[in-house]
Amino acid sequence: MAAALTRRFGNLDIAEEAAAEAFTTAVERWPPDGVPPNPGAWLTTTANHKAIDRIRRENKRDDKHKEAQMVYDDDPSLPAPSTTTGSG
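No gaps in the numbering here: position 1 of the sequence shown is 1 in UniProt numbering, and each next residue is one more.
And the structure:
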């Protein structure tokens, strides 16, 4: 499963994490709900969703970081990032 996810998303870390999360979700859900008719497809679909969710979170975080940097760059009252305060 991780190999297929790596091919799809191009990132081994995301693939391994998504596969692990899919198996964890299965362990949590299957005992009370029952095993689905096609467990392999369920795991694959769940892992795909987990990978997509992570990519979206990372993109959102990156966008917020870029936005914060633009606000910082646009505010002349803020000190330059390399400026330090204190006695020297």
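The beta carbon of each residue, even a glycine, is placed where N, CA and C say it ideally should be.
For P31, the uninterrupted alpha helix (DSSP H) segment begins and ends at 12 to 33. P37 carries a coil assignment under DSSP once its states are collapsed to helix, strand and coil. Remark: three or more beta-carbon pairs, one from each stretch, lie closer than 8 Å, so the stretch 32 to 47 and the stretch 10 to 24 are flagged as touching.
Cβ-Cβ distances below 7 Å link M1 to A19, L43, T44, A47 in the same chain, with the five nearest sequence neighbours on each side left out; the list follows chain order. Just measuring C-alpha positions, the residue of R61, K60, H49 sitting nearest E17 is H49.
If you draw a straight line from the Cα of P32 to the Cα of P39, it is about 15 Å long. Sorting V35, R29, A3, A15 by C-alpha distance to the C-alpha of R54 places A15 at the top.
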